[in-house]
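Notes for the one structure printed next.
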Amino acid sequence: MIAPAKPELVTVNIDGKEIAVPKGMNVIEAARQVGVDVPHYCYHPKLTIVGNCRMCLIEMGMPAVDPATKAPVMDPATGKQKINWIPRPQIGCATNASAGLHIRTQTPQVKDCREGVMEFLLINHPLDCPICDQAGECKLQEQSTGYGRGYSRFIEQKNVKPKRTLLGPRVMLDDERCILCSRCIRFAKEIAKDDVLGFIDRGSYSTLTCYPGKKLENNYSLNTVDICPVGALTSTDFRFKMRVWFLKQTNSIDPESSVGANTVAWSREGVIYRLTPRRNDEVNDTWMADSGRVLYKAVTAADRLTAVKVNGADSALDIAVHAAGELFKSAAGAVAIVGSGRSSVEEQFLTKKLATALSASTHLVSRVGPGDKILVSADRNPNVRGALVTGLIPALPAAQLTALGAAIDAGKVKTIISVGEDLFAAGLNATQLAKVAVVYLGTQANATSEAAKVVLPTLTVFEKSGTFVNQQFRLQKFLKVVPGASGATDDLVVLAKLVAATGGTVPSDLNPLWKVLAAEVPALGPVTFANLPETGLLLDATPWAALPFVEGETLHFKPAAQPAAVTA
Amino acid sequence: MNLTPATLSRIDEVIPHYPTKRSATLPLLHLIQEEVGYISNEAIEWVAAKLELQPINVYEVVTFYPMFRQKPIGRRHIKVCRTLSCALLGGYKTCASFEKEFNTHLGEVSPDGEVTVEFVECLASCGTAPVVMIDDELHEKVDAAKAKQLSDQIKAEAKARK
Amino acid sequence: MPAPAQRRIIFQHIDEPGYSNDLACYVKHGGYEVMKRAYARPPAELVEEVKKSGLRGRGGAGFPCGVKWSLLDRKSGKPIYLVVNADESEPGTFKDRYIMHQDPHQLIEGIMITCFANNVKQAYIYIRGEFPHGARILEKAIAEARAANFVGPNVLGSGYGCEIYVHRGAGAYICGEETGLIESLEGKRPYPRIKPPYFPAVLGLYQCPTIVNNVETLCHVKYIAEVGGEAFARIGTPNNTGTRILCVSGHVQKPGYYEFEVGKITMGQLLNEVCGGPLPGRTFKAVIPGGSSAKILKFGERFKGKRKVGTEMVDYDWAVEDVPMDFDSLGMIGTMGGSGGVIVMDDTVNMVEALANINAFYAHESCGQCTPCREGSLWMKKISSRMVHGDARPEDGQLLKSVADQIAGRTICAFGEACAWPTQSYVAKFGDEFKGYADAKKTAQPAATTLV
């Protein structure tokens, strides 16, 4: 691992507490480090600073020096250097740490400033939190408890602005709730590079809008909903489905590509309601793609596999595992395993164990698409690197399962274990598949599961815990969000049972399994599942440095070499 | 956009006055409004393409500045100063006179299509209040009587044209 | 004491019969001679002259011009720009209009001297949209000057090149704020920038070091180059040097523009003698001394305190009429010289209605970028309009003041103060009129002149 360059540290004083922070860090962030909350609306750590909401006004001072001699001016009362306080309040977001900076956030003036801004923001804002979908995660509502007046002095007509405007397929706008912080505009321009949002008209009549005839429909549009501090922008998928305070938050990972955006899954009573990004400054900052946010729908999708089947008839897990074991025996020496880049590291490890036990050849299905240079990479498998690290595959997967097809044609493969992969889609033809018996482990039905002799329903990424290794070789963990679907079994359990059917023994619980992993997989040496940091852990990628990975540049990722030609 | 060659050549002349094309937004909008009379969405998109901007960038600007109009106005544009110095000397009466003379309301096109009367903020000629701009011409000390006189003149010109 | 005579430096030829705005006339009157001499001097010397002159900006803030120039980042390697603030948008102010319409070459000469002094190769004149003729006149004058080699790639054969372009605004007061103006010139909504970090002297137009100077200020620069900084500093009063154009409007007999040595004339002399006093049968009630945003002065109030005269501190006890019309004196009594726009109101004016007019202006002109100004300015307008056109409550004056107090000092730009000061001062000085407005409306004759 490469240590980042140490930033220059300066000592600042915030509400009397001294702390060393990187020079130039803004006061909102510096205050956060000493546990002081500086309320704000327009400031966002990953967007440019505009300073328009004025909620983060603070008092600022610098140590006094004699203008002529530059000698410190001492305060006889305290014996310390005198502080020259600027009478006018300053915005925290645009005040940067420099040596000796003094900040006060708890003075009557600061309180008065915050109360003033709160009152101003509320005079034209609907006061109808009970019918607003943002309630519970509304910054305006939160700050009202600290700085609200509790009653309104405003007896004039409120401004009337458009309600319920569809900005795009996934984002709804209520202009009357908009506090004109411009976060969404800056996001669209600076991060999504899709400059379609803006303010029209002026003064208090300023209105957020999308250019007529254009839509906010880029694949990052829902991030505007995440960063909207109020109920102006809401998700068409989520709005009015569930009050946020009922929802449980579980850390997860976006499985749509090898970026591995960190996410939070919001669920209640076994049902997932939405996925939102989780901040990881090394991976996805505070963003994720819209396309990754709908993946939770696989959990209850119509094509979900929930019945164990043997030869097309409903069965039970142990009977099916036994049937699979019989197939292995009858095809001894002629078993192939199609593993998956969507499986977790743990599952890939057990798949490898199974392959070893069966002397089976291993294959992986490649899944490649155009990268968007932001948070969807060219490799649409979340965990190809996990397959490399665990030794499931020795090299990057070919575009199609051509080698496996040839082996079938040559009569060298009689049984195939497919871990969630549709072999038709991966390049095998009907003739080839007719020659083999398939044991299928997976979550959704497809042509391969239809044709399989044995179907073992398993769990989606939201129903189990595990790890992925992303394009940076960062090991990241995801946690079980909701209980597994009835009829489906944890992949690790299924794989362990299959290994057992070959006469072997492997653990299927994560913690004991990680002991084995750490012992047997060199790159995972010091790791345990429990101590893996929430922001992940960079693995030593040296053994695979020369491989021609397909990913191009994305946020926080530059490929080591020129990416291989993408053939979708 | 069907702009005249003269306007197009002035547009091409003004863009290189600035190191970034975006700076030419206001000049282009002025030139187009001078020719067409208002700024349509088509004009916004044309300017955006010409200056390599997104339409929203131009739309934001058009709607900020009151001098840009998004729909046609009357043949003549009567702008009465509303701000304090003019108001102190009867600006509101002046404005009402024009409205009455042309049987119209603020911001609307008069029924004969001849004028649009508007209140505008300070025209920076406070020493000769109340002032009125009719198209590009400033008229000073426009009391009700002078408003009537100016209105008669506009009506006479309209008649002569017909 | 009789009022001093006008001293016309900037307005020397304004309204002079036969004086036209073409180059020939300007040259005939000695035009561009100062520039020729200035171009023979080291640029740094010219900056020094301006510093010595004590010239303070005439746009509104009164910031020392020489200091502004010396803050310029000259080491960045980036081009340096001059932006001429010809947006003249503070209500009550109309001096730059006459300079540009009647004597544009004076401005161009001032610009070219300033550019040479500061190594500026590109100047923009940002002229308000409401001056279409002014823009055309300036463009014609620049073309004439270019043809005569006073502007262009090789000015006066010196090898130094500088271009001037005219850029028209489109009706926005906020473009008078220098960073709003810069944004507007860049083709964006004129949202003033946060300072720090965007000080024009360092990160101005196109993120390059930029000087933003007012039209009148630049004409003074030309005069300073002519007579020298020290001679200029002897005009006017200490720290308030040179002449100043005072624009008088409202309820006086002879409104108009008058140029005096700064601080040599009092408010009383200006209004009673120079402007001929109140209209027949009326008395002065209030005056705004420096553009509509300046805090109002109430005739009859007195200002007491100590002030520096030479090296001594002396007591002063002034009526409104006694106040010298300079930056420091007006600042001492809690208002400002601002842009030099003096708006006079007589006893026919109800101050609630006057404030409602002003509040409507500021609500219309707030850019809407930052919360206190955006919401506060419209709220104040709504309150004061309701008082006039609907139900007035005795507590509305205090509510207005409280709203204004939540704006001033908390916004991105000085518009916050500009929109708050009228309300704060009207309510403070005419509180009874606000308290009693409901009753006044019931009993009094409706005002002869509608203000809102």
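Chains as they are written, first to last, in the numbering used here: chain A, 59 to 626; chain B, 1085 to 1246; chain C, -1 to 450.
The beta carbon of each residue, even a glycine, is placed where N, CA and C say it ideally should be.
To the nearest angstrom, how far is it from the Cα of residue i to the Cα of residue j?
| i | j | result |
| --- | --- | --- |
| C:V425 | C:G395 | 6 angstroms |
| A:K511 | A:G194 | 50 angstroms |
| A:M59 | A:P617 | Reliability fails at A:M59, whose pLDDT of 43 lies under 50, so the model's placement of it is uncertain and no value is given. |
| B:F1152 | C:E271 | 43 angstroms |
| C:F114 | B:V1199 | 47 angstroms |
| B:E1136 | B:R1106 | 8 angstroms |
| B:T1088 | C:S375 | 42 angstroms |
| C:L201 | A:K169 | 32 angstroms |
| C:D20 | C:E107 | 13 angstroms |
| A:T267 | A:A89 | 34 angstroms |
| A:G391 | A:V551 | 24 angstroms |
| A:L450 | A:S315 | 19 angstroms |
| C:E46 | C:R39 | 12 angstroms |
| A:D376 | A:N369 | 15 angstroms |
| C:V82 | C:I109 | 8 angstroms |
| A:V624 | A:P606 | Reliability of the predicted coordinates at A:V624 is poor, the pLDDT of 46 falling under 50, and the value obtained from them is presented with this limitation in mind. Distance between the alpha carbons of A:V624 and A:P606 is about 11 angstroms. |
| B:I1140 | C:E363 | 22 angstroms |
| A:G429 | A:G463 | 29 angstroms |
| A:E275 | C:A139 | 50 angstroms |
| B:I1157 | B:Y1122 | 8 angstroms |
| C:A442 | B:I1099 | 58 angstroms |
Is it right to say residue i is buried, meaning 16 or more other beta carbons lie within 10 angstroms of its own, or is it exposed?
| i | result |
| --- | --- |
| B:N1187 | exposed |
| A:L575 | buried |
| C:H131 | exposed |
| C:A133 | buried |
| A:L185 | exposed |
| C:Q104 | buried |
| C:F230 | buried |
| A:Q365 | Correcting the residue identity first, residue 365 of chain A is Ala in this sequence and not Gln. By the neighbour-count rule (16 or more Cβ atoms within 10 Å), A:A365 is not buried but exposed. |
| A:A626 | At A:A626 the pLDDT is 39, less than 50, meaning the model places this residue with poor confidence; the figure from the coordinates comes in the next sentence. That one is exposed. |
| A:R146 | exposed |
Answer yes or no: does any C-beta atom of chain B fall closer than 8 angstroms to that of residue i?
| i | result |
| --- | --- |
| A:D301 | The sequence given here places Arg at residue 301 of chain A; Asp does not occur at that position. A:R301 does not count as touching chain B. |
| A:F245 | no |
| C:E214 | no |
| C:C417 | no |
| C:S291 | no |
Is the shortest distance between the beta-carbon of residue i and the beta-carbons of chain C less than 8 angstroms?
| i | result |
| --- | --- |
| B:E1097 | no |
| A:A288 | Note on identity: in this sequence residue 288 of chain A is Val, with Ala being the wrong assignment. Chain C contact via Cβ: absent. |
| B:M1085 | no |
| B:E1205 | yes |
| A:A152 | yes |
Quickly, what does DSSP pair residue i with across the bridge? List them, please.
| i | result |
| --- | --- |
| B:C1263 | No information on residue 1263 of chain B is available, as it lies outside the stretch 1085 to 1246 that chain B covers here. |
| B:R1160 | B:V1199 |
| A:K251 | According to DSSP, which records beta bridges pairwise, A:K251 is partnered with nothing at all. |
| B:S1235 | Bridge partners of B:S1235: none, in fact. |
Would residue i count as contacting chain A if we go by Cβ distances under 8 angstroms?
| i | result |
| --- | --- |
| C:K380 | yes |
| C:C368 | yes |
| C:P236 | no |
| C:I356 | no |
| B:Y1122 | no |
| C:H456 | Residue 456 of chain C lies beyond the range of chain C shown here (-1 to 450); nothing can be said about it. |
| C:P0 | no |
Counting pairs of Cβ atoms below 8 angstroms between the region 238 to 258 of chain A and the region 292 to 308 of chain A, do you hit three or more?
no
Is there contact here, the region 306 to 315 of chain C with the region 284 to 296 of chain C, by at least three beta-carbon pairs under 8 angstroms?
no
Below 8 angstroms, can you find three or more Cβ-Cβ pairs linking the region 406 to 416 of chain A to the region 556 to 566 of chain A?
yes
Would the region 152 to 171 of chain A count as touching the region 348 to 359 of chain C if we require 3 or more Cβ pairs under 8 angstroms?
no
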